[in-house]
Amino acid sequence: MSKLAQLVFGVFAVFAIAWWGVVGYSYLQLGRMQPVLDENTGEVNPPPFSGLAAAGQQVYAANGCVSCHTQQVRSGAFSTDVEKKLGPRPTVARDYLRDAPAFLGHLRIGPDLTNVGLRSSDPNWFHAHLYEPQTVTPGSNMPSYRYLYRMRRIAGQPSIEAVTGLKGPYAPQAGYEVVPTEQARVLVAYLLSLKRNYPLPEAEPLQ
Amino acid sequence: MTSPDTPTTIEVEGEATLRLPVIMFLSSAVFWLVVGSFLGCLSAWKLVLPSLLDGAGWLTYGRIQPAAENALIYGWASQAGIGLGLWVLARLGRAGLGSERLLMAAGLFWNLGVLLGICSIVAGSGHAIRGLEFSSASATILLLAYACIGIWSLVLLRNRLKGSLYVSQWYLLTAFLCFPWLYATANMLLIWYPVQGSAQGPIAAWFWGNLIWLWLAPMVLALAYYVIPQFVRRPLCAYPSSVLAFWALVFLGGWSGTRQLIGGPIPAWLASAGVAASIMMLIPATIVSINTFGALSARNISAASELSFVIVGMACFAAAVVQGAATPLVSAVTHFSDYAIGENVLIVLGFVTMTLLGMISYALPRLTSDQGFSQKETSRHFWSFAWSVGTMFGALTFGGLFQGFALYDPRVEFISSVDLAMPFRFLYAIGGLVLLGSSIAFAVAFARVILTNISSPKTVHVYSRPQELVNV
Numbered sequence: 432m433s434k435l436a437q438l439v440f441g442v443f444a445v446f447a448i449a450w451w452g453v454v455g456y457s458y459l460q461l462g463r464m465q466p467v468l469d470e471n472t473g474e475v476n477p478p479p480f481s482g483l484a485a486a487g488q489q490v491y492a493a494n495g496c497v498s499c500h501t502q503q504v505r506s507g508a509f510s511t512d513v514e515k516k517l518g519p520r521p522t523v524a525r526d527y528l529r530d531a532p533a534f535l536g537h538l539r540i541g542p543d544l545t546n547v548g549l550r551s552s553d554p555n556w557f558h559a560h561l562y563e564p565q566t567v568t569p570g571s572n573m574p575s576y577r578y579l580y581r582m583r584r585i586a587g588q589p590s591i592e593a594v595t596g597l598k599g600p601y602a603p604q605a606g607y608e609v610v611p612t613e614q615a616r617v618l619v620a621y622l623l624s625l626k627r628n629y630p631l632p633e634a635e636p637l638q
Numbered sequence: 522m523t524s525p526d527t528p529t530t531i532e533v534e535g536e537a538t539l540r541l542p543v544i545m546f547l548s549s550a551v552f553w554l555v556v557g558s559f560l561g562c563l564s565a566w567k568l569v570l571p572s573l574l575d576g577a578g579w580l581t582y583g584r585i586q587p588a589a590e591n592a593l594i595y596g597w598a599s600q601a602g603i604g605l606g607l608w609v610l611a612r613l614g615r616a617g618l619g620s621e622r623l624l625m626a627a628g629l630f631w632n633l634g635v636l637l638g639i640c641s642i643v644a645g646s647g648h649a650i651r652g653l654e655f656s657s658a659s660a661t662i663l664l665l666a667y668a669c670i671g672i673w674s675l676v677l678l679r680n681r682l683k684g685s686l687y688v689s690q691w692y693l694l695t696a697f698l699c700f701p702w703l704y705a706t707a708n709m710l711l712i713w714y715p716v717q718g719s720a721q722g723p724i725a726a727w728f729w730g731n732l733i734w735l736w737l738a739p740m741v742l743a744l745a746y747y748v749i750p751q752f753v754r755r756p757l758c759a760y761p762s763s764v765l766a767f768w769a770l771v772f773l774g775g776w777s778g779t780r781q782l783i784g785g786p787i788p789a790w791l792a793s794a795g796v797a798a799s800i801m802m803l804i805p806a807t808i809v810s811i812n813t814f815g816a817l818s819a820r821n822i823s824a825a826s827e828l829s830f831v832i833v834g835m836a837c838f839a840a841a842v843v844q845g846a847a848t849p850l851v852s853a854v855t856h857f858s859d860y861a862i863g864e865n866v867l868i869v870l871g872f873v874t875m876t877l878l879g880m881i882s883y884a885l886p887r888l889t890s891d892q893g894f895s896q897k898e899t900s901r902h903f904w905s906f907a908w909s910v911g912t913m914f915g916a917l918t919f920g921g922l923f924q925g926f927a928l929y930d931p932r933v934e935f936i937s938s939v940d941l942a943m944p945f946r947f948l949y950a951i952g953g954l955v956l957l958g959s960s961i962a963f964a965v966a967f968a969r970v971i972l973t974n975i976s977s978p979k980t981v982h983v984y985s986r987p988q989e990l991v992n993v
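Sequence lines, in order, name chains A and B.
The opening position of the first sequence corresponds to residue 432 in the numbering used here, with each subsequent residue numbered one higher.
The opening position of the second sequence corresponds to residue 522 in the numbering used here, with each subsequent residue numbered one higher.
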């Protein structure tokens with residue numbers, strides 16, 4: 432074998448070891464995990480996303496929410512995530528089974544969102560926060576997602592969807608209302624669905 | 522064979538065939554450096570002034586920031602690395618291309634892929650996986666273009682004049698072989714036919730680690746291994762040990778990615794393997810540092826020159842490996858904080874960008890038969906880039922520690938971590954502004970040299986090769 436052929440072969444072999452070890456293992460083991468049936472409640476965990484939430488996942492991806500928000504409650508000596516009450520238990524691989532894609536994230540410029548649906552179940556809170564974050568969370572450096580909303584003149588009755596309690600410079604004038612677009616609606620449905628508090632055989636919620 | 526001390530100017534057919542393609546790769550790379558610095562600067566300012574340009578979806582932080590990262594990686598660093606890498610292969614092997622047109626067409630196609638990819642992110646059809654944000658169509662274009670680019674690395678290596686292979690050639694071969702494999706694997710399993718979410722985390726982490734350590738790093742190390750002996754006119758220090766460093770880096774680089782998921786939702790051994798690999802990387806990094814820094818002497822580094830870029834780049838390489846090895850010590854505090862952005866700044870801007878800038882400054886007179894940048898210009902470029910990268914890295918690292926302690930301490934509210942990081946992020950944004958200015962100044966100077974010399978004769982300076990300096 433020529434020197435070049437030896438080198439090509441060597442590099443391929445060495446690269447293939449990690450490729451097989453990390454990618455192959457993940458694909459064959461983690462990639463084939465199944466949901467589990469909770470015999471006490473009769474529910475399947477992790478629960479499937481609703482159609483709206485699944486669509487909201489794509490809005491979450493398109494707007495790069497993952498640039499600032501993680502979705503993982505870490506375990507072990509390297510983290511205080513559970514003490515910080517980011518969730519009732521650390522997350523495990525099975526939690527992400529239905530995520531497409533899995534938004535693990537790598538920075539906490541904003542807070543972790545693994546269980547944001549447990550912290551508030553009020554869609555209006557999420558809409559007001561997305562519309563003008565600083566008016567809901569003073570000191571936040573989250574940008575406004577006003578472009579996911581429409582301001583319009585109230586024709587007849589106000590919409591039941593209209594975001595209420597808005598403050599700040601972009602709050603609607605009298606006679607106007609702010610309503611979510613389809614994108615905002617599904618995004619909030621997705622955020623409300625983020626609850627990883629169900630039990631899994633490998634991760635029971637702490638009492 | 523020429524003596525090491527007397528560089529001669531001779532016409533080399535083979536290398537001349539690369540002149541136009543390499544100039545094209547470098548010109549487009551410099552263009553993307555400016556675009557990437559602009560987007561990066563904008564996103565840094567958006568972090569401190571969230572109301573800045575916040576009315577439109579295509580300007581939102583979550584799109585501008587990945588657009589900047591991808592412009593710098595695929596537009597700037599990859600293209601500069603490809604151009605300079607092929608050029609170094611031609612010089613070391615005294616070989617040329619069969620068809621420069623095919624390579625140029627492929628290069629234009631690559632640029633089209635990057636452009637469409639950046640537009641897809643900004644338009645909101647990007648994928649939220651780091652380094653894989655480009656739309657499927659752009660990723661396909663990149664891979665197709667790459668097939669017509671990467672193949673020339675094998676042609677140049679096969680047609681080389683001498684039998685033995687120099688360390689730069691090993692590293693370049695590694696980069697050129699690994700990139701299509703890892704980019705295709707990651708796109709296949711995460712974008713085109715995505716595996717279920719439970720397996721995506723480790724594959725994405727593997728991809729990001731490999732993109733840095735088996736694509737960008739080997740290309741840049743190859744350039745440093747090539748150019749340092751040229752500058753100092755003496756062989757690398759402890760050259761035989763570079764074989765060990767090479768294999769260790771290729772092996773450990775492949776494993777190092779999963780340390781990003783320490784404590785995360787993956788089997789603990791996967792994260793531990795990543796941490797262990799990052800620690801063991803100290804061994805090859807020490808050897809690389811001895812090889813390169815050992816060749817220097819005080820005389821070579823007395824004034825800021827192209828070499829200064831490379832020296833700073835290699836120092837950042839060593840520092841980045843030390844940072845990686847320190848993961849288990851600091852991870853609890855630093856893991857999701859700005860410190861982690863600082864780690865990327867150190868690698869992508871410090872190690873990769875600084876070395877590439879030095880190498881471009883070095884290659885320019887040899888590609889254009891012009892004098893290239895004046896000593897004063899190079900010195901100005903060096904200090905402005907070094908200052909901005911240093912500021913950005915320092916601000917993120919220190920700010921990240923404060924922010925990280927706030928994130929770690931269960932008694933502290935989340936919002937305090939934002940307040941603590943803010944002054945440092947402001948400093949980071951100022952650094953970003955200086956980086957943008959430096960990139961523009963570099964691009965203007967680069968364009969001036971290229972435009973005044975584009976029609977010059979195809980005579981190139983050939984200096985003795987490192988092999989001739991080193992008894993391999």
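Note that CB positions come from ideal geometry on N, CA and C, so glycine has one too.
Remember, it's a predicted structure, so these values are computed and weren't measured experimentally.
Original post:
What is the rounded straight-line gap between the Cα of Asp543 of chain A and the Cα of Ala444 of chain A?
Top reply: 39 Å
Original post:
Leaving out the 5 sequence neighbours to the left and right, which residues in its chain are closer than 6 Å to Leu637 of chain B when beta-carbon positions are compared?
Top reply: Ser659
Original post:
Measuring CA to CA, which of B:Ala537, B:Leu922, B:Tyr667 and B:Tyr949 is closest to Ser937 of chain B?
Top reply: B:Leu922
Original post:
Apart from the five residues just before and just after Gln988 of chain B, which ones in its own chain have a Cβ nearer than 8 Å to its Cβ?
Top reply: Interpretation of Gln988 of chain B is limited by its pLDDT of 45, a score under 50 that renders its predicted location unreliable; no figure is taken from the coordinates.
Subject >> chain A contact residues for Cys699 of chain B, given Cβ-Cβ distances below 8 Å >> reply: Val442 and Phe446
Subject >> Cβ of His557 of chain A within 7 Å of any chain B Cβ >> reply: For clarity, residue 557 of chain A is Phe in the given sequence; the question names His instead. Taking Cβ atoms only, chain B never reaches closer than 7 Å to Phe557 of chain A, which makes this a no.
Original post:
DSSP on Val513 of chain A, reduced to helix/strand/coil?
Top reply: coil
**OP:** Could you tell me which residues DSSP pairs with Pro611 of chain A in its beta bridges?
**Re:** A:Tyr580
Original post:
Could you give the distance in angstroms between the alpha-carbon of Cys758 of chain B and the alpha-carbon of Ala853 of chain B?
Top reply: 38 Å
Subject >> Residue environment, Gly688 of chain A, which counts as buried when at least 16 other CB atoms sit within 10 Å >> reply: Nothing in the structure corresponds to residue 688 of chain A, since chain A is present only between 432 and 638.
Original post:
DSSP beta-bridge partners for Ala634 of chain A?
Top reply: A:Leu631
Subject >> Spatial distance of Ala966 of chain B from Leu878 of chain B (CA atoms) >> reply: 12 Å
**OP:** Check whether the Cβ atoms of Tyr607 of chain A and Gly487 of chain A lie closer than 7 Å to each other.
**Re:** no
Original post:
If you count every other CB in all the chains shown that lies within 10 Å of the CB of Ser763 of chain B, and 16 or more means buried, which is it?
Top reply: buried
Subject >> Per-residue contacts from Tyr929 of chain B into chain A (C-beta, under 9 Å) >> reply: Ser510, Thr511 and Lys515
**OP:** Throw me the rounded Cβ distance for the Ser905 of chain B and Val555 of chain B pair, which I believe falls under 8 Å.
**Re:** Their Cβ separation, rounded to whole angstroms, is 14 Å, which puts Ser905 of chain B and Val555 of chain B out of contact at 8 Å.
Original post:
What are the boundary residues of the alpha helix (DSSP H) that includes Val688 of chain B?
Top reply: Val688 to Asn708
Original post:
Could you give the uninterrupted runs of the alpha helix (DSSP H) lying entirely in the region 911-986 of chain B, keeping only those of 4 residues or more?
Top reply: 935-974
**OP:** Compute the Euclidean distance between the alpha carbons of Val453 of chain A and Glu592 of chain A, then round it to the nearest angstrom.
**Re:** 46 Å
Original post:
Which residue's Cα is closest to the Cα of Ala884 of chain B: B:Ser558, B:Gln896 and B:Gly604?
Top reply: B:Gly604
Subject >> Chain-order list of residues whose beta-carbon lies under 6 Å from that of His560 of chain A (same chain, five-residue window excluded) >> reply: Val567
Subject >> Under 8 Å by beta carbon: chain B residues contacting Phe534 of chain A >> reply: Ala649
**OP:** Return the chain-ordered list of same chain residues with a C-beta closer than 8 Å to the C-beta of Phe963 of chain B, the five sequence neighbours on each side being excluded.
**Re:** Val551, Leu554, Leu878, His902 and Phe906
Original post:
Looking at the structure shown, is Ala627 of chain B part of a helix, part of a strand, or coil, going by DSSP?
Top reply: helix
Subject >> Backbone secondary structure at Val410 of chain A - three-state DSSP >> reply: The structure shown does not extend to residue 410 of chain A, since chain A spans only 432 to 638, so no value can be given for it.
Original post:
In angstroms, rounded to a whole number, what distance separates the CA positions of Trp673 of chain B and Ile975 of chain B?
Top reply: 23 Å
Original post:
Which word fits Asp575 of chain B, buried or exposed, when buried means at least 16 other C-beta atoms lie within 10 angstroms of its C-beta?
Top reply: buried
Original post:
Is the CB-CB distance between Ala726 of chain B and Leu770 of chain B below 7 Å?
Top reply: no
Original post:
When we look at the beta-carbon of Glu613 of chain A and count the other beta-carbons within 10 Å, is it buried (16 or more) or exposed?
Top reply: exposed
Original post:
Is it buried or exposed for Lys567 of chain B, if we count other Cβ within 10 angstroms and need 16 for buried?
Top reply: buried
Original post:
Which residue from A:Tyr491, A:Leu618 and A:Leu538 puts its Cα closest to that of Leu483 of chain A?
Top reply: A:Leu618
Original post:
Does DSSP put Val504 of chain A in a helix, a strand or coil?
Top reply: coil
Original post:
Taking just the CA atoms, how far does Ser810 of chain B sit from Thr876 of chain B?
Top reply: 14 Å
Original post:
Rounded to a whole number of angstroms, what is the C-alpha to C-alpha distance between Asp526 of chain A and Pro477 of chain A?
Top reply: 6 Å
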